[in-house]
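So the sequence shown is numbered by our numbering: it starts at 1220 and just counts up by one.
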Amino acid sequence: MSSPDPVLRRVAVVANPTSGRHRAGVLGLELGRELRARGHEVLDVRAADGPGALARLRPLAVGGELDAVVAIGGDGTAHWVANACAGTSAAVLIVAAGTGNDNATTLGMPRVRTPADLPAVVQRLTAGRTASMDLGRVTHPTGDRHWLGVLGAGFDTVVNARGRRLTLLNGTPRYLAAVAAELPRFSGIPYAVTVDGQRIDTEAMLVAVANGGAFGGGMRVCPDASVTDGLFDVLILHKISRLEFLTVFPRVFSGTHVRHPQVQVLRGRQVRLDAPDLAAEADGEELFALPLDLRIDPGALRVATGDAELP
1220 MSSPDPVLRR VAVVANPTSG RHRAGVLGLE LGRELRARGH EVLDVRAADG PGALARLRPL
1280 AVGGELDAVV AIGGDGTAHW VANACAGTSA AVLIVAAGTG NDNATTLGMP RVRTPADLPA
1340 VVQRLTAGRT ASMDLGRVTH PTGDRHWLGV LGAGFDTVVN ARGRRLTLLN GTPRYLAAVA
1400 AELPRFSGIP YAVTVDGQRI DTEAMLVAVA NGGAFGGGMR VCPDASVTDG LFDVLILHKI
1460 SRLEFLTVFP RVFSGTHVRH PQVQVLRGRQ VRLDAPDLAA EADGEELFAL PLDLRIDPGA
1520 LRVATGDAEL P
């Protein structure tokens, strides 16, 4: 439920300079100018990488020195901004200016391609309305990390690793090309998946732990996931043949793959995920090697919603 807040006046603008074919940096500068013209105090953060933005923003957010942070870029930029603001009073506004933009789409955030699209961002900030959403949290000896959308470990992470090497493509075309390259050599992985104490030992193609429901540029891997229900949707695609996978895979864009008999979806607050020689990714960002302990953090992030409702 959205609620009226004081105007989000102290704003940090985080623009990933490489997103949107290098347009995000220009959009960030223009947004900063428009916000200052409206009386906002603006801090520009143009970090070359996500951890750099996190290191700069986190102390400001924890110290209550920011009312809002605008993330201009793709899912990776949003991931690091969410980590900077998790558990603080700073509200996040994600501007979809990357190639995938799954989290921005899930949350109904504005898509910006040119400076002419920026008034929608300014309007959402000046409206000052916010709502709280859940975040996923992964516990690791090197430090915890949050994520917004989907954490995956399996065929999807193998495909993403391949996709990062296909620099001539972007978004969904890159992902599909990587699938075509990796599928002929892929076989099932032995997993131990524990959801709220229920353990499943299986050989599977992938496991996705979803707070939001989409990844990979519009693939609705967990179509019923909600960012406000305090639960993960945990999808297990049990081992199937490569030919069968090719028949199931296109259905992920409509979310109807969940009807397949080898797709299992569980819901819960705590997940332990284990598999040999496998690392997880979330929001398109590399995380840690398995095993991992995951839990939902209800209402951990404030989001600038404007007139929208969170799913």
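Positions of the beta carbon are idealized from the N, C-alpha and C atoms, including for glycine.
Quiz item: Excluding five sequence neighbours on each side, which residues of the same chain lie with their C-beta closer than 6 Å to the C-beta of S1221?
Solution: Translated into positions along the sequence shown, residue 1221 becomes position 2. Only weak support is given to the placement of S1221: the predicted model assigns it a pLDDT of 48, under 50, and the question is left unresolved by the model.
Self-check item: Proximal residues to V1378 (C-beta, below 6 Å), its chain only, five neighbours per side dropped
Solution: Within the sequence shown, numbered from 1, the residue matching residue 1378 stands at position 159. Result list for V1378: A1397, V1398 and E1401, in chain order.
Quiz item: What distance in whole Å lies between the Cβ atoms of H1365 and A1519, which are believed to be in contact at a cut-off of 8 Å?
Solution: Taking the sequence shown and counting its residues from 1, one reaches residue 1519 at position 300. Taking the sequence shown and counting its residues from 1, one reaches residue 1365 at position 146. So it is a contact: roughly 7 Å between Cβ atoms.
Quiz prompt | Straight-line gap, G1469 to N1430 (C-alpha atoms, nearest Å) | solution = Numbered from its first residue, the sequence shown carries residue 1469 at position 250. Numbered from its first residue, the sequence shown carries residue 1430 at position 211. Correcting the residue identity first, residue 1469 is Pro in this sequence and not Gly. In a straight line, the C-alpha of P1469 is about 22 Å away from that of N1430.
Exercise. Using three-state DSSP, classify E1401 as helix, strand or coil.
Key: Taking the sequence shown and counting its residues from 1, one reaches residue 1401 at position 182. The answer is helix: DSSP assigns E1401 an H, G or I state.
Quiz item: Taking the C-alpha atoms as reference points, what is the distance between F1451 and I1515?
Solution: Within the sequence shown, the letter at position 232 stands for residue 1451. Within the sequence shown, the letter at position 296 stands for residue 1515. When rounded, the distance between both Cα atoms is 7 Å.
Exercise. Quick one: give me the first and last residue of the alpha helix (DSSP H) that Q1483 is part of.
Key: Indexing the sequence shown from 1 puts residue 1483 at position 264. Q1483 -> not in any alpha helix (DSSP H); beta strand (DSSP E) instead, spanning V1482 to G1487.
Quiz prompt | With 16 other Cβ atoms within 10 Å as the buried cut-off, status of D1526 | solution = Translated into positions along the sequence shown, residue 1526 becomes position 307. Exposure of D1526 is indicated by the presence of fewer than 16 other C-beta atoms within 10 angstroms of its C-beta.
Quiz item: Buried or exposed: where does T1358 fall if 16 or more other Cβ atoms within 10 Å of its Cβ makes it buried?
Solution: Numbered from its first residue, the sequence shown carries residue 1358 at position 139. So T1358 counts as exposed.
Quiz item: In three-state DSSP terms, what is E1528?
Solution: Along the sequence shown, read from residue 1 onward, the residue named residue 1528 stands at position 309. Residue state, collapsed to three classes: coil.
Quiz prompt | Rounded straight-line distance, which links the Cα of R1229 to that of T1307 | solution = Stepping through the sequence shown from its first residue, residue 1307 is reached at position 88. Stepping through the sequence shown from its first residue, residue 1229 is reached at position 10. Their Cα atoms are separated by approximately 14 Å.
Self-check item: Classification of R1255 by the beta-carbon crowding that lies within 10 angstroms, buried from 16 upward
Solution: As a working note, residue 1255 is residue 36 in the sequence shown. Classification for R1255: exposed.
Quiz item: Contact between the segment 1473–1487 and the segment 1321–1335: three or more CB pairs below 8 Å?
Solution: Touching, no, given that fewer than three Cβ pairs across the two stretches are closer than 8 Å.
Quiz item: Which parts of the segment 1350–1386 are runs of the beta strand (DSSP E), unbroken and 3 residues or longer, counting only runs that do not cross its ends?
Solution: Runs of the beta strand (DSSP E) lying entirely within the segment 1350–1386 and spanning at least 3 residues, in chain order: 1364–1366 and 1369–1373.
Quiz item: Just reading off the beta strand (DSSP E) that P1517 is part of, what are its end residues?
Solution: Along the sequence shown, read from residue 1 onward, the residue named residue 1517 stands at position 298. L1511 to A1523 is the span of the beta strand (DSSP E), which, as asked, contains P1517.
Quiz prompt | 3 or more residues per run - each beta strand (DSSP E) lying fully within the segment 1396–1443 | solution = With a minimum length of 3 residues, the continuous beta strand (DSSP E) runs that stay inside the segment 1396–1443 are 1408–1414 and 1417–1429.
Quiz item: Under three-state DSSP, which class holds A1234?
Solution: Mapped onto the sequence shown, residue 1234 falls at position 15. A1234: strand per DSSP, three-state reduction.
Practice problem: Could you tell me which of F1507, V1428 and R1521 sits nearest to V1369, measuring between CA atoms? | Solution: Translated into the one-based positions of the sequence shown, residue 1369 becomes position 150. For the residues F1507, V1428 and R1521, the minimum Cα distance to V1369 belongs to V1428.
Exercise. Thinking G1258 and E1504 are a contact (beta carbons under 8 Å), I'd like their distance in whole angstroms, please.
Key: As a working mapping, residue 1258 is identified with position 39 in the sequence shown. As a working mapping, residue 1504 is identified with position 285 in the sequence shown. At roughly 34 Å, the Cβ-Cβ gap does not stay under 8 Å, so G1258 and E1504 are not in contact.
Practice problem: Could you give the DSSP three-state label for D1321: helix, strand or coil? | Solution: Within the sequence shown, the letter at position 102 stands for residue 1321. Three-state DSSP puts D1321 in a helix.
Quiz item: Is the number of C-beta pairs between the segment 1296–1307 and the segment 1277–1285 that are closer than 8 Å three or more?
Solution: Yes, the segment 1296–1307 touches the segment 1277–1285.
Quiz item: Taking one C-beta from the segment 1402–1414 and one from the segment 1309–1318 each time, how about it: are there three or more such pairs within less than 8 Å?
Solution: The segment 1402–1414, when compared against the segment 1309–1318, does not touch it at the 8 Å Cβ threshold.
Quiz prompt | CB contact flag (A1297, N1322, <8 Å) | solution = Looking up residue 1297 in the sequence shown gives position 78. Looking up residue 1322 in the sequence shown gives position 103. A contact, by the Cβ cut-off of 8 Å.
Self-check item: For D1294, the three-state DSSP class (helix, strand or coil)
Solution: Counted from its first residue, the sequence shown places residue 1294 at position 75. Under the three-state reduction of DSSP output, D1294 falls in the helix class.
Quiz item: DSSP puts H1476 in a beta bridge; with which residues?
Solution: Working through the sequence shown from its first residue, we reach residue 1476 at position 257. Bridge partners of H1476: none, in fact.
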